[in-house]
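Each residue of the sequence shown is one higher than the last, beginning at 23 in the working numbering.
All C-beta atoms in this analysis are idealised placements derived from N, C-alpha and C, irrespective of residue type, glycine included.
The structure presented is a predicted model; accordingly, all values stated were derived computationally and were not measured.
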Amino acid sequence: MTVKEFFKSNAFKSLAVLICIVLVAGLLLAIFNDLLYISDEERLNRTLSSIYGEEVTAEPVELAEDEKEYSYGTVNAVYHIVEDGNYLFQTTGTGGFRDGNGKVTLWTVIACTGTREGGDLVLTGIEKVVYDSNEGQSYIANLNDAFYNFFAEHDELIAGGGYFEAVSGGTGDLNNVATGASQSSNAACNAVNVALACFRTVFIGGDA
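Below, the structure written as structure tokens:
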């Protein structure tokens, strides 16, 4: 077969069509990636809007690596909210389904008075807890609004140093379990506990 015959053949035509499809698909993918791209800043702004219902100024707080790890889980990020002086934590709690390896990530607003700079910072409670994501938690949908609202309804106990738990059949005042999702409840409670432990030890300088 000559070169001229090859360019006129069905094989070449099929190859040309495939090349065109690949080029067009690549171009479309690049365009949609640009259109749908969400920056870290925009993602944070959306999170802040969902939590506060309005625009707020969030100043990132830097932590040392050893200030991020706790028996309950890990601190992913912390922000100081300028408007109300509170602190917003993104934390991941461990101890979820299955075999205690599952994780739940939440946003927790720690309410406080005073300032770190003034040395008079005091934890007064929890303003709000909002779901972020999870790893392997099949019944995470069972953690409803009432479950998350529970964290913000016990300021006196939290101010007194309490931590949450998720014990099926338990009677403790800070016991928070969603029916059918006890292990996910445990991981979620631990996510909130990470925020509390970090605030108490790193921000206030006390014991966890």
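Open item on the list: Here's the rule: buried if 16 or more other CB atoms are within 10 angstroms of the residue's CB, otherwise exposed. What is T113?
Closed with: Taking the sequence shown and counting its residues from 1, one reaches residue 113 at position 91. When all chains shown are included, T113 counts as buried.
Task: the stretch 145 to 161 / the stretch 197 to 211 touching (three or more Cβ pairs under 8 Å) - done: yes
- [ ] Please list, in chain order, all residues of the same chain as G228 whose beta carbon is under 6 Å from its beta carbon, the five residues on each side excluded.
- [x] Working through the sequence shown from its first residue, we reach residue 228 at position 206. Hits under 6 Å: R222.
Open item on the list: Going by DSSP in three states, S190 sits in which element: helix, strand or coil?
Closed with: Locating residue 190 in the sequence shown gives position 168, where the first residue counts as 1. Of the three classes helix, strand and coil, the one that applies to S190 here is coil, per DSSP.
- [ ] Keeping to the same chain, check which residues put their C-beta closer than 7 Å to that of N67; ignore five residues upstream and five downstream.
- [x] Sequence index remark: in the sequence shown, residue 67 carries index 45 (1-based). If we look at N67 and ignore the five residues flanking it on each side, it has no Cβ neighbours.
Task: Beta-carbon separation (whole angstroms), L165 vs A200, contact threshold 8 Å - done: Numbered from its first residue, the sequence shown carries residue 165 at position 143. Numbered from its first residue, the sequence shown carries residue 200 at position 178. About 5 Å separates the two Cβ atoms, so the contact holds.
- [ ] Give the DSSP-derived three-state secondary structure of Y109 in the structure shown.
- [x] Within the sequence shown, numbered from 1, the residue matching residue 109 stands at position 87. Note: Y109 maps to strand in three-state DSSP.
TODO: Evaluate L145 with the Cβ neighbour count: other Cβ atoms within 10 Å of its Cβ, from every protein chain shown; 16 or more gives buried, anything less gives exposed.
DONE: Residue 145 sits at position 123 when you count from the first residue of the sequence shown. L145 counts as buried, since at least 16 other C-beta atoms from the protein chains shown sit within 10 angstroms of its C-beta.
- [ ] In the DSSP assignment, find the alpha helix (DSSP H) that holds L66 and state where it starts and stops.
- [x] Taking the sequence shown and counting its residues from 1, one reaches residue 66 at position 44. Run containing L66: 62 to 74, per the alpha helix (DSSP H) assignment.
Open item on the list: Based on DSSP bridge pairs, tell me the residues matched to C134.
Closed with: Start at 1 with the first residue of the sequence shown, and residue 134 comes out as number 112. Looking at the DSSP assignment, C134 forms a beta bridge with L145.
Task: Option nearest V216 by Cα separation, candidates V100, I41, E64 - done: Against the sequence shown, residue 216 aligns to sequence position 194. The shortest C-alpha separation from V216 is found at V100.
- [ ] Given a cut-off of 8 Å, decide if V46 and C220 are closer than it, judged by their beta-carbon atoms.
- [x] What you label residue 220 is simply residue 198 of the sequence shown in a count that begins at 1. What you label residue 46 is simply residue 24 of the sequence shown in a count that begins at 1. Against a cut-off of 8 Å, the Cβ pair of V46 and C220 comes out as no contact.
Open item on the list: Between which two residues does the alpha helix (DSSP H) holding N208 run?
Closed with: What you label residue 208 is simply residue 186 of the sequence shown in a count that begins at 1. Element bounds for N208: 204 to 220.
Task: Contacts around F169, its chain only, beta-carbon distance under 8 Å, and the 5 residues preceding and following it disregarded - done: For the purposes of this step, residue 169 is taken as the residue at position 147 of the sequence shown. Around F169, the same chain offers N198, A200, S207, A210 as residues with beta carbons nearer than 8 Å, after the five sequence neighbours per side are excluded.
- [ ] Provide the residue(s) that pair with I226 in DSSP beta bridges, ordered along the chain.
- [x] Taking the first residue of the sequence shown as position 1, residue 226 is located at position 204. According to DSSP, which records beta bridges pairwise, I226 is partnered with nothing at all.
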